[in-house]
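There are 2 protein chains.
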Amino acid sequence: MKKWKRSARLVHMTQQLLQNPHRLIPLGTFAERYQAAKSSISEDLAIIHEVCRSEGLGELETVPGAAGGVRFLPRVNRSSSRALIDRLCRSLSDPGRILPGGYLYLSDLLGDTSLVREIGRVFASVFAASGADAVITVETKGIPLAYATACQLGLPVAIVRRDSRITEGSVVTINTVSGSSKRLGSLSLSRRSLPEGGRALIIDDFMKAGGTVRGMIDLLREFNAEVAGVGVMTDSRVDERLVEDYVSLTTVNEVDVKGQRIKVVPGNLLERGGIQDG
Amino acid sequence: MKKWKRSARLVHMTQQLLQNPHRLIPLGTFAERYQAAKSSISEDLAIIHEVCRSEGLGELETVPGAAGGVRFLPRVNRSSSRALIDRLCRSLSDPGRILPGGYLYLSDLLGDTSLVREIGRVFASVFAASGADAVITVETKGIPLAYATACQLGLPVAIVRRDSRITEGSVVTINTVSGSSKRLGSLSLSRRSLPEGGRALIIDDFMKAGGTVRGMIDLLREFNAEVAGVGVMTDSRVDERLVEDYVSLTTVNEVDVKGQRIKVVPGNLLERGGIQDG
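Here the protein sequences line up with chains R and P, keeping their order.
Following the working numbering, the numbering of the first sequence begins with 1 at its first residue and continues without gaps.
Following the working numbering, the numbering of the second sequence begins with 279 at its first residue and continues without gaps.
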């Protein structure tokens, strides 16, 4: 086993830690891998921590004791969150997004992998201490956001289907009523995709009255699972909402189909806790 | 602007390069950001390149000239690809996956974010030189794989829908016939989600006779787009296939519902080019 120079160690440790957010790596693993003293590893970690912290990427958390180690926690500070939200507001305000019926075209945003990763980092910051052990979303458009958030939290993803598919095996299905249009629908989640009694973080792209999110909350109850949190990329102003406690990055206040104008403002994220100053 | 020490530079450059695969970063950007001479930056890059190369993560490619710079290209070597394929074969052979009709339960694998990222890295290696400017998949289960692959290639994702949704705006729809069950269906892709005349990489989780992939190829023709490649996590042995040229990580040779046995072997990936020895 070759002995590593500090410079090479720093590169490899940065890769290992940042690619595996929230995963605890014992110091001994690094010491053995790089044939280095634990004190040298600690110095390396201090350097990585300081760069991550000062550049607003996150921080290294050291867990002491025999079962301890170090893990990378992604953290997006207030100014970076604000910048992302402003960028989203500008992009969402583009009148070219207006579709018949006042719907908004969002697929370009949800297909932009670097934007989606940034949103995932923000949700992972906000819900870092939520105790979630899985992220759930409903097909189709929420999947990239849920996947990006789960990556940054080191969690698995479970996807709720609108129609029950044979490839999901035994499923739990509930009926839903859309809060805004009163349409009937159903949501199904594979029995195997979520452990009984867990805690799930709900992520979706868009919430109007919240019928779909409400359905996911009801579905979780069937699994004796708790809701660790709800995060949506954008919500829209409605008179009555079926979900009380959620985090939104942006809020669509008005879609004027005739005048071809969309009014989008920051959501409730920055008013809430969970985002560090800086 | 503060001057950075080499150790801090290495940490931050590693993060910037590895988090943005295939994105060209001018050397001047680094030199200015860290208040360092270009010769020092070049030395840093040589260290990062050497660690990435020797650890099988990928390589840094330097593009000379005024519009040049450096970019990280993820590369998975043959032994890492082999290890991932073996892991997939073992997991897919679990008889607990067998569903009524001989279907296989795959959602746990597709919800495992670190496994999905590894598969994305392998596809990004194989298709690094394919000239793709987008990744496409069909809802629902292929989306995490397509997203992971697109992240590693620095490309956007477009999602083909099985039913045309109002939130997709103007769409192109084609009718399909499933190659194995002769069922009729349709595939729709939003006009805006793919530029005319581009090159798209098709990624999906499972291919039987290939009717869905064939449908996506036909759909791409409607956009005057070319197929940059086709990658699937697993295919299954069939008498006649509607798609000739594709890459599979694994092949399901037999699902014995009565005997509760699945036979899974490595797919065609390692027989093809595009994977480096090592």
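Note that CB positions come from ideal geometry on N, CA and C, so glycine has one too.
Values in this document were obtained by computation on a predicted structure and should not be read as measured data.
N- and C-terminal bounds of the alpha helix (DSSP H) containing residue i
i         : result
ARG9(R)   : 6-19
ASP239(R) : ASP239(R) -> no alpha helix (DSSP H), and no H or E assigned at all.
ALA309(P) : 305-312
VAL257(R) : Counting along the chain, VAL257(R) falls outside any alpha helix (DSSP H), and DSSP gives it neither H nor E.
THR140(R) : Counting along the chain, THR140(R) falls outside any alpha helix (DSSP H), and DSSP gives it neither H nor E.
ASP411(P) : Element bounds for ASP411(P): n/a, residue is neither H nor E.
ILE398(P) : The sequence given here has Gly at residue 398(P), not Ile. Counting along the chain, the alpha helix (DSSP H) containing GLY398(P) begins and ends at 391-404.
ARG221(R) : 211-222
ALA324(P) : 316-332
ASP386(P) : 385-388
Option nearest residue i by Cα separation, candidates the options
i         : options                                       : result
PRO100(R) : THR427(P), THR340(P), ALA424(P) and ARG443(P) : ARG443(P)
PHE484(P) : ALA478(P), ARG461(P), PHE501(P) and VAL516(P) : VAL516(P)
ARG241(R) : ALA148(R), VAL255(R) and ARG214(R)            : ARG214(R)
ALA361(P) : GLY334(P), VAL510(P) and VAL341(P)            : GLY334(P)
VAL530(P) : PHE501(P), LEU393(P) and ASP372(P)            : ASP372(P)
TYR312(P) : HIS327(P), GLU417(P) and ARG284(P)            : ARG284(P)
ALA345(P) : LYS486(P), ILE540(P), LEU305(P) and VAL394(P) : LEU305(P)
GLU500(P) : GLN294(P), THR451(P) and ILE553(P)            : THR451(P)
GLY211(R) : GLU32(R), LYS182(R), HIS49(R) and LYS141(R)   : LYS182(R)
LEU351(P) : ARG331(P), ARG439(P), ARG365(P) and ASP482(P) : ARG331(P)
ARG469(P) : SER107(R), THR29(R) and VAL177(R)             : SER107(R)
PRO64(R)  : LEU109(R), SER81(R) and SER42(R)              : SER42(R)
SER466(P) : GLU474(P), MET494(P), VAL455(P) and PRO473(P) : MET494(P)
ARG78(R)  : PHE123(R), PHE30(R), ALA146(R) and LEU24(R)   : PHE123(R)
LEU269(R) : ILE85(R), VAL135(R) and VAL171(R)             : ILE85(R)
VAL455(P) : ARG477(P), ALA487(P) and SER471(P)            : ALA487(P)
Enclosing beta strand (DSSP E) for residue i [first to last residue]
i         : result
VAL76(R)  : Where VAL76(R) is concerned, there is no enclosing beta strand (DSSP E), given that its DSSP letter is neither H nor E.
LEU338(P) : 336-341
ILE437(P) : 435-438
is_contact[residue i, chain B] using C-beta, thresh 9 Å
i         : result
GLY389(P) : No chain B appears in this structure, whose protein chains are R and P.
Within chain P, the residues that residue i reaches when beta carbons sit closer than 8 Å
i         : result
LEU99(R)  : ILE444, THR445 and GLY447
HIS12(R)  : VAL329 and GLU333
TYR103(R) : ILE444 and THR445
TYR147(R) : THR391, VAL394, ILE421, PRO422, TYR425 and ALA426
ARG161(R) : THR418
ALA8(R)   : ILE325, GLU328 and VAL329
Proximity below 9 Å, CB of residue i to CB of residue j
i         : j         : result
SER408(P) : LEU479(P) : yes
GLY120(R) : ALA148(R) : yes
VAL257(R) : GLY96(R)  : no
VAL255(R) : ARG272(R) : no
THR167(R) : LEU295(P) : no
GLY230(R) : ASP218(R) : Strictly speaking, residue 230(R) in this sequence is Val, with Gly absent from that position. No; because the gap between Cβ atoms is not below 9 Å, this pair is not in contact.
GLY420(P) : ILE481(P) : yes
VAL438(P) : ALA428(P) : no
ILE553(P) : LEU370(P) : no
HIS300(P) : ARG353(P) : no
ASN175(R) : GLU196(R) : no
LEU338(P) : MET511(P) : no
CYS367(P) : VAL542(P) : yes
Proximal chain P residues relative to residue i, where beta-carbon distance stays under 7 Å
i         : result
TYR246(R) : Simply none; closest approach about 20 Å.
GLU139(R) : GLU417 and THR418
Contacts that residue i makes with chain R (C-beta to C-beta distance below 8 Å)
i         : result
VAL491(P) : Per Cβ cutoff of 8 Å: no residues; VAL491(P) is ~17 Å from chain R at best.
LEU384(P) : THR167
ARG470(P) : TYR105, SER107 and ASP108
Residue i: CB within 8 Å of a non-hydrogen atom of the ligand NAP
i         : result
ALA314(P) : This structure lacks the ligand NAP; in fact it carries no ligand of any kind.
Neighbouring residues, chain R, relative to residue i (Cβ below 7 Å)
i         : result
PRO434(P) : GLY111, ASP112 and THR113
GLN293(P) : THR14, LEU18 and LEU57
Proximal chain R residues relative to residue i, where beta-carbon distance stays under 9 Å
i         : result
SER403(P) : In chain order: nothing, as chain R lies at least about 16 Å away.
CYS367(P) : The premise fails here: CYS367(P) is roughly 19 Å from chain R at the closest Cβ pair, so nothing lies under 9 Å.
Neighbouring residues, chain P, relative to residue i (Cβ below 9 Å)
i         : result
SER181(R) : Per Cβ cutoff of 9 Å: no residues; SER181(R) is ~11 Å from chain P at best.
Which runs of the beta strand (DSSP E) fall wholly inside the segment 166-200 of chain R and span at least 3 residues, in chain order? For secondary structure counted as the beta strand (DSSP E) over 3 or more consecutive residues, the segment 166-200 of chain R holds these complete runs in sequence order: 171-177 and 184-190.
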